[in-house]
């Protein structure tokens with residue numbers, strides 16, 4: 090297909106592209122299933138050019154091997170550095186040994202995760218994940234989702250190598266610079282190494298349960314908007330952050346969508362009155378009824394207010410979000426030069442709110458960086474005391490023989506027992522009726538249950 094057959098404004102059809110297959114000098118077969126070619130003509134002939142977005146190859150291995158992935162990035166990432174290396178440097182006084190902290194690693198329930206960075210001749214970093222058991226297809230993309238969230242850097246690999254199901258996959262990609270982000274990572278990791286890796290693992294698990302193939306999870310699509318704000322005007326930044334909160338609340342919080350039945354009854358009464366009015370035009374009647382029907386649906390604001398009552402978000406974050414979202418969405422954002430700091434504080438507070446909603450979705454509890462408070466201190470979600478209690482809940486649930494769970498009833502009783510043992514004075518019913526962090530964490534330990542099932546108590 091040539092360029093003359095392309096139609097402006099329409100997606101380029103697959104028939105325009107070619108499949109690339111090439112053999113390198115060492116005999117390795119490389120390929121890309123979809124490349125566009127260019128043709129340049131001169132007196133000597135025709136030159137065919139192409140710029141693939143990646144080249145990949147794979148080969149079988151005969152020996153038994155663990156599932157493992159290696160990523161190379163041309164940026165350093167804010168992973169915690171827990172280890173170092175000794176290097177020998179030559180100088181006027183001879184050779185000298187220098188120790189530098191350039192590595193970090195930890196073991197989670199699923200994998201041994203390693204990070205290393207280099208800053209001498211070229212700046213780059215490597216992330217390695219060695220799984221203790223099998224990993225789902227597409228796990229390399231789930232790991233990338235977790236890397237981007239935990240570091241707040243929209244990095245893309247230039248080299249990927251992973252071993253799965255007896256095959257070694259190898260991919261090379263052109264460098265796509267990660268824009269200098271304006272939003273920092275949810276937990277500044279240098280002083281919180283173990284919790285950083287726990288956060289990483291929680292995000293990886295959520296993505297593995299909610300995404301397939303190369304497509305990212307809806308959570309990553311929503312929260313990822315925060316990591317690509319460089320170059321936007323302040324009004325655009327405010328709008329993106331405000332709308333991100335609505336996107337995060339759209340899925341995964343079904344327990345918050347129940348509306349007061351009395352409101353529905355009252356709205357229906359008003360609609361009956363509107364229908365009975367004979368002196369107004371049908372067009373006006375339709376607009377009135379349309380505005381009333383919106384009252385019967387739950388708003389993002391309503392969900393946040395419920396979370397505030399449960400102590401999972403605070404009043405300041407809610408107020409900052411309403412102000413930020415309303416003024417930017419309706420084109421009324423005007424920033425007094427004397428109040429720039431106030432507006433920045435509002436942006437930081439809503440960023441923290443976005444992270445809290447993400448914690449709820451992935452079942453993370455523990456320390457985080459509170460960008461809504463001056464000095465950006467380390468805080469605890471939901472509180473330090475509750476986070477420690479929740480650790481005991483999940484540890485208890487992890488010991489349960491859940492492999493032979495026969496139904497939701499047994500699983501819910503296990504969760505409820507663990508919660509009552511840890512929160513003897515707490516209102517488990519209130520927790521069960523919300524998108525509670527407790528239940529998200531418990532759900533993962535119990536196994537196949539979903540939050541909606543736990544919330545209903547079935």
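In the working numbering, the protein residues as written are 90 to 547.
Note that beta-carbon positions come from the ideal geometry of N, C-alpha and C, so glycine has one too.
On the three-state DSSP scale, how would you describe residue i?
i: residue 449; result: helix
i: residue 247; result: coil
i: residue 374; result: helix
i: residue 148; result: strand
i: residue 284; result: helix
i: residue 433; result: helix
i: residue 440; result: helix
i: residue 105; result: helix
i: residue 411; result: helix
i: residue 216; result: strand
i: residue 472; result: coil
i: residue 231; result: helix
i: residue 426; result: helix
i: residue 261; result: strand
Using only CA atoms, which one of the options lies nearest to residue i?
i: residue 306; options: 391, 445 and 237; result: 237
i: residue 292; options: 94, 99 and 451; result: 451
i: residue 417; options: 453, 182 and 325; result: 325
i: residue 162; options: 341, 396 and 206; result: 206
i: residue 109; options: 318, 245, 121 and 410; result: 121
i: residue 191; options: 406, 444 and 214; result: 214
i: residue 142; options: 218, 261, 189 and 133; result: 261
i: residue 250; options: 282, 216, 263 and 271; result: 216
i: residue 312; options: 226, 234 and 375; result: 234
i: residue 221; options: 209, 201, 298 and 158; result: 201
i: residue 355; options: 382, 396, 331 and 105; result: 382
i: residue 298; options: 225, 148 and 179; result: 225
i: residue 357; options: 96, 380 and 449; result: 380
i: residue 287; options: 453, 376 and 463; result: 453
Using a threshold of 7 angstroms, state whether the C-beta atoms of residue i and residue j are closer than that.
i: residue 240; j: residue 166; result: yes
i: residue 126; j: residue 137; result: yes
i: residue 366; j: residue 402; result: no
i: residue 230; j: residue 335; result: no
i: residue 413; j: residue 388; result: no
i: residue 363; j: residue 385; result: no
i: residue 156; j: residue 259; result: no
i: residue 276; j: residue 457; result: yes
i: residue 218; j: residue 282; result: no
i: residue 204; j: residue 168; result: yes
i: residue 257; j: residue 148; result: yes
i: residue 393; j: residue 407; result: yes
Decide if residue i is buried, meaning its Cβ has at least 16 other Cβ atoms within 10 Å, or exposed.
i: residue 310; result: exposed
i: residue 187; result: exposed
i: residue 612; result: Past the boundaries of the shown model lies residue 612; the chain is included only from 90 to 547, so the question cannot be answered.
i: residue 253; result: buried
i: residue 475; result: buried
i: residue 98; result: exposed
i: residue 322; result: exposed
i: residue 471; result: buried
Would you say the beta carbon of residue i comes nearer than 6 angstroms to a heavy atom of the ligand HEM?
i: residue 297; result: With respect to the ligand HEM, the structure offers nothing, as it holds no ligand at all.
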